[in-house]
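Notes to accompany the following structure.
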Amino acid sequence: MDYQAREIEQKWRKEWEERGTYRVSNDDSRPKYYVLDMFPYPSGAGLHVGHPLGYIASDIYARYKRLRGFNVLHPMGYDSFGLPAEQYAIQTGIHPAVATEENIGRYRSQLENLGFSFDWSREVRTSDPEFYRWTQWIFQQLFKHYFDQDAGIAKPIAELEARLAESGNAGLHAAAEDDTPQITAEEWNAMDEREQQLFLLNYRLTFPEESYVNWCSALGTVLSNDEVKDGVSERGGYPVERKLMAQWSMRITAYADRLIDGLEEIDWPVSLKEQQRNWIGRSQGASVRFALQEDADTAIEVFTTRVDTIFGATFMVLAPEHDLVDQITTAEQRAAIDEYRTWAASRSEVERMAEVKKVTGAFTGGYCINPFNGAAIPIYIADYVLAGYGTGAVMAVPSGDQRDWNFATHFDLPIIPILDAQENIAEAADPTKEGKYINSGFINGLTYDEALPKLIAFSEEKGIGKGKVQYRLRNAVFSRQRYWGEPVPAYWEGDVPRLVPEDELPLVLPAVDKYLPTETGEPPLGRAEDWKYKGKYDYELSTMPGWAGSSWYWYRYMDPKNEERFASADAVDYWQGVDLYVGGSEHAVGHLLYSRFWNHFMHDLGLVPNREYAKKLINQGMIQGVIEFLKMQKEKVDGNSRFVCADIAKEEEAQGVEFAQIPIHVDYVQDYGTDKSYVNLDSIKKFLDWRPEYKNAIFDCGNGTYQSGVFTPNTDAQESHLVTVSEVGKMSKRYYNVVNPDDVVARYGADCFRMFEMFLGPIEQAKPWNTTSISGTSRFLNNFWRLFFRDGKWLVTEEEPTKDEMKVLHTAIKKVSDDVERFAFNTCVSAFMVATNDLNKMKCHKRAILEPLLVLMAPFAVHMTEELWAKMGHDTSVHHADWPALEEKWLVEENVTYPIAINGKTRATVDFPADSSKADLEAAAPDLAEIQKYLDGKTIRKIIVVPGRMINIVVG
RNA sequence: GCCGAAGUGGCGGAAUUGGUAGACGCGCUGGAUUCAAAAUCCAGUUCUUGCAAGAGAGUGCGGGUUCGAUUCCCGCCUUCGGUACCA
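Under our numbering, residues 36 to 991 are what the first sequence spells out, in order.
Structure, rendered in structure tokens:
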């Protein structure tokens with residue numbers, strides 16, 4: 036009898052739960068290891084086969100580490116605040132907590148189906164008040180600290196207050212708002228408490244401010260930059276506009292340098308680190324002041340990474356919102372400038388993105404002076420200069436910058452070459468630094484490297500510029516005008532924000548009658564009744580963004596029930612941080628950046644031991660689905676829809692007929708995923724039952740037409756089919772291609788599902804799901820089972836293994852040990868298959884071979900190996916044994932088969948004793964009969980021997 | 001445009017420091033079993049050529065280093081992912 040997956044898997048899952056097999060203790064003498072998965076948002080749709088990929092990989096590694104003698108923490112929880120539950124609540128009136136609870140239940144049962152070794156007693160949920168109490172607490176710590184740039188760490192705001200009282204903020208190096216005024220100690224001390232509090236907001240690591248935000252009116256909320264894609268909301272695809280609003284903000288920019296430098300010490304994928312670096316966007320340059328021609332006391336400050344090009348600056352461009360625009364604009368140009376500014380402000384983000392190539396702008400009529408050569412250059416405004424980056428002003432060098440070149444060409448401004456190596460600047464800008472300077476005053480004739488120190492010396496001497504580091508990274512908007520999130524634990528005493536006292540946390544999300552903004556445009560929390568601090572002050576009404584709870588959650592798993600602290604100092608000290616983190620790369624510049632920021636901050640406060648919380652990170656690739664489309668003509672034919680074969684559609688498209696692609700359920704498609712996928716007439720009938728709106732549609736199959744249940748052939752064909760279009764893409768409800776792991780598990784078992792997902796290919800690669808090839812993995816598991824059982828008979832014997840059998844075992848031990856360490860789980864599965872096939876061929880059923888093999892496979896086929904382990908007579912409450920030790924001696928061969936190459940080309944193979952020395956081989960090689968026929972009268976010139984590997988004979 | 005990663009049979013993919021390219025699996029072909037089918041088992045399967053033994057070609061393209069290159073170097077091409085008026 037074959038392996039009965041369902042029965043055995045259920046039995047063991049029950050057993051594990053009853054025994055608490057996967058409970059982890061914080062009090063253990065073994066070395067610790069922490070394997071973390073990115074916790075899921077429990078959506079209503081449940082899991083598809085792509086979701087568990089990373090969980091399977093991490094589970095295998097966690098189990099492997101346990102067998103290697105580690106105390107392994109491998110928890111799971113839910114990132115349970117989020118927009119979908121809220122939108123569902125808006126539609127149905129069901130409290131998001133209720134819907135979320137239900138979704139979590141579904142997730143939990145789907146996850147439990149797969150045999151993970153999670154310690155469920157440590158489960159966390161970000162929407163649980165006992166959890167978000169600490170999210171709120173960390174928020175308050177951020178409010179209570181500022182960033183000292185000299186020390187490079189966060190410090191209590193009280194220290195800053197003391198400093199201000201003593202010497203004002205002159206010479207203070209602290210991360211602050213750009214427009215923070217300079218004050219003296221006297222001025223500070225003369226301020227009243229309110230004024231002091233407002234002043235301190237310039238320094239606090241989280242603070243409310245008026246800022247431009249991505250406002251999405253359809254969703255009724257503000258979105259972060261990474262929630263906006265191509266000018267529309269990532270979720271729902273609604274338009275997003277820029278709007279000035281009072282928002283809580285996180286001063287992540289204070290940590291920009293540390294977030295870049297910290298990447299050096301962590302083992303994360305190169306591309307992910309690169310994404311973070313680009314996102315932070317550190318650029319080294321200089322800021323230079325260009326005085327106005329009309330008013331020498333006022334200067335426009337610009338940021339440039341190429342001071343060397345300054346002699347080629349032929350005009351200046353300001354952002355339309357720039358503060359000096361009004362002052363600069365002349366009476367004649369006033370109307371044109373106002374018109375342009377109005378137009379620019381009305382332009383939506385989408386339009387701006389779409390019309391990047393279009394050159395727009397207006398002349399202010401004003402001029403400023405190039406401080407390096409005294410030239411007067413005209414000042415323009417244009418919306419290609421962003422108010423939010425640098426100083427919102429650019430010195431335009433059209434010969435070296437393509438955007439400046441486009442602008443200059445459009446407005447007929449001069450383009451001055453500045454390097455003798457610049458080519459074709461009449462056609463396009465040349466941004467290279469090659470050659471020697473021309474038209475560049477005192478740096479003429481120098482190269483870039485020679486000119487730079489001279490430029491710096493000049494600008495410092497004249498006091499016109501200084502070196503500056505500019506970041507692309509902005510402070511993170513932290514407020515969301517939503518209901519289903521952590522309430523920001525603050526209240527407003529007039530215009531001064533104050534923290535809710537620590538002992539009153541958690542500030543629990545109040546009940547509301549509706550989940551929509553109020554009539555006056557306040558967030559949903561504005562609907563809560565009697566929700567005022569001490570019945571007197573207004574609570575902050577916004578909630579935290581989705582990334583708040585996920586920015587520290589790994590610490591909560593260490594000590595999930597703690598009521599005194601986010602996790603006890605002992606627990607944090609024992610577990611330290613995450614050793615292996617597994618999750619998707621889509622979080623590269625969201626969660627993975629914000630969580631590093633919070634962790635750096637927590638480290639500054641001495642709360643956690645490491646600056647970087649996750650030593651190693653692996654991105655699992657997405658599992659994609661096959662999407663099948665029918666080609667439907669956009670225009671109806673005689674009032675009916677017309678579907679045609681993909682190849683016919685192609686021909687007709689060439690003639691200008693337009694087609695739409697209608698996704699069709701993959702189950703209806705034969706040979707799906709291939710280039711000859713099609714639906715036959717039976718499937719068309721099924722399709723019509725499913726989509727009755729097409730019931731009279733015409734199906735043009737090339738050799739006939741199908742309509743209303745009748746096939747009319749136009750050749751003598753009796754059968755026909757309609758060729759579909761296949762694509763590989765997201766697994767999603769709208770493409771009818773979602774594969775539910777429950778279905779796969781029901782048919783093949785969880786062990787098979789786990790091994791198959793690993794077998795699909797390298798973990799970090801995206802790959803399409805293909806259910807048909809799972810049969811190979813299923814066959815393999817049956818073959819493995821048959822090493823132990825055949826027809827219900829136990830086959831395992833106590834015989835001594837032979838040398839060949841030992842070799843099979845130790846080859847597998849070596850391969851799997853090496854490959855698990857480098858997360859190459861696909862080749863591990865191959866190694867198991869090879870060993871199983873070999874042993875079956877040898878009819879080897881010996882305990883001495885099978886037992887270690889069982890341990891080797893235990894992290895992969897978790898239920899089957901447990902069953903067999905018990906059958907072997909072992910105690911399963913002690914989880915397996917130690918990882919089998921590799922004895923290399925079994926891999927040593929008596930004879931080694933050497934490939935013999937003549938001039939690098941392999942011509943024969945010959946066996947030599949394994950202990951042959953290099954000299955032996957060199958001596959024996961020329962006389963081999965195998966090579967004589969290739970010599971062909973030529974002489975042997977050289978013999979190259981790599982012992983154990985190959986022999987190459989050079990003739991000529 | 002910029003940044004990053006990757007190109008190997010019909011397909012997913014192996015080949016850890018340069019050493020018999022294509023492990024393992026799917027698919028396909030043939031056979032066994034069966035009244036038949038499914039399932040299972042056995043054999044074959046990079047391409048070209050040949051009845052066969054064999055011969056030749058072959059890891060995106062073009063060069064280079066080497067006795068020997070999927071692997072190292074130079075120059076291209078293509079695909080995927082990220083990002084974009086960031087000065």
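For every residue, glycine included, the Cβ atom is placed at its ideal position computed from N, Cα and C.
Being a predicted model, the structure only gives us computed values, none of them experimental.
If you measure between the beta carbons of residue 896 and residue 819, is that distance less than 9 Å?
Cβ distance < 9 Å, so residue 896 and residue 819 count as in contact.
Just the Cα atoms here: how many angstroms apart are residue 483 and residue 345?
13 Å
Residue 508 to residue 288, Cα distance in whole Å?
6 Å
Could you have a look at residue 729 and say whether DSSP puts it in helix, strand or coil?
helix
In this structure, does DSSP put residue 582 in helix, strand or coil?
Note: residue 582 maps to coil in three-state DSSP.
For residue 142 versus residue 134, is the C-beta distance shorter than 9 Å?
No, they are not a contact pair.
Would you grab the beta carbon distance between residue 758 and residue 681 for me? Rounded to a whole angstrom, and I think it's under 8 Å.
4 Å
Kindly list the residues whose CB is nearer than 6 Å to the CB of residue 533, restricted to its own chain and excluding five residues on each side of it in sequence; keep chain order.
526
At which residues does the beta strand (DSSP E) containing residue 336 begin and terminate?
334-339
Decide if the region 839-851 is in contact with the region 789-806; the criterion is three or more beta carbon pairs, one per stretch, under 8 Å apart.
no
Looking only at its chain, what residues have a beta carbon closer than 7 Å to the beta carbon of residue 38, apart from the 5 residues adjacent to it on each side?
816, 817, 820, 899
Tell me whether the beta-carbon of residue 697 lies closer than 9 Å to the beta-carbon of residue 735.
no
Does DSSP put residue 253 in a helix, a strand or coil?
In the structure shown, residue 253 sits in coil (DSSP, three-state: anything other than H, G, I, E or B).
Pick from 481, 74, 440: whose alpha carbon is nearest that of residue 466?
440
Do residue 513 and residue 241 have their C-beta atoms closer together than 9 Å?
yes
Which same chain residues, not among the five before or five after residue 959, have their C-beta less than 8 Å away from its C-beta?
Cβ neighbours of residue 959 beyond the five flanking positions: 947, 951.
Counting pairs of Cβ atoms below 8 Å between the region 422-429 and the region 340-357, do you hit three or more?
yes
Is the separation between the beta-carbon of residue 78 and that of residue 106 shorter than 9 Å?
no
Indicate the three-state DSSP secondary structure (helix, strand or coil) for residue 756 in the structure shown.
strand
Does DSSP put residue 520 in a helix, a strand or coil?
coil
Who are the Cβ neighbours of residue 308 in its own chain at under 6 Å, not counting the five residues just before and after it?
In the same chain as residue 308, and ignoring 5 residues on each side of it, the C-beta atoms closer than 6 Å to its own belong to 298, in chain order.
What are the partner residues of residue 258, as DSSP defines its beta bridges?
249
Measure the C-alpha to C-alpha separation of residue 251 and residue 275 and round it to an integer number of angstroms.
5 Å
Which complete alpha helix (DSSP H) runs does the region 387-450 hold, if anything under 4 residues is left out?
437-446
Would you check if there are 3 or more beta carbon pairs closer than 8 Å linking the region 553-568 to the region 152-165?
Cβ pair count under 8 Å is below three, so no.
Going by DSSP in three states, residue 615 sits in which element: helix, strand or coil?
strand
Hey, residue 523 and residue 174: beta-carbon distance below 9 Å or not?
yes
Can the beta-carbon of residue 284 be found less than 9 Å from the beta-carbon of residue 246?
Taking 9 Å as the Cβ cut-off, residue 284 and residue 246 qualify as a contacting pair.
Give every residue of the same chain whose Cβ lies closer than 6 Å to the Cβ of residue 789, excluding the five residues on either side of it in the sequence, and list them in chain order.
91
Use the C-beta contact count for residue 397: other C-beta atoms within 10 angstroms, 16 or more gives buried, fewer gives exposed.
Counting Cβ neighbours within 10 Å, residue 397 comes out buried, since at least 16 surround it.
In this structure, does DSSP put residue 512 in helix, strand or coil?
strand
Using the three-state DSSP reduction, which class does residue 291 fall into: helix, strand or coil?
helix
Is it buried or exposed, residue 979, if we count other Cβ atoms within 10 angstroms and call 16 or more buried?
Burial is judged here by how many other beta carbons sit within 10 angstroms of a residue's own beta carbon; residue 979 has fewer than 16 and is exposed.
Pick helix, strand or coil for residue 933, following the three-state DSSP scheme.
strand
With C-beta atoms as the reference, is residue 406 less than 9 Å away from residue 255?
Result no, Cβ atoms of residue 406 and residue 255 do not sit closer than 9 Å.
Check the DSSP bridge columns for residue 92 and list the partner residues they point to.
In the DSSP output, where bridge partners are listed per residue, residue 92 has none listed.
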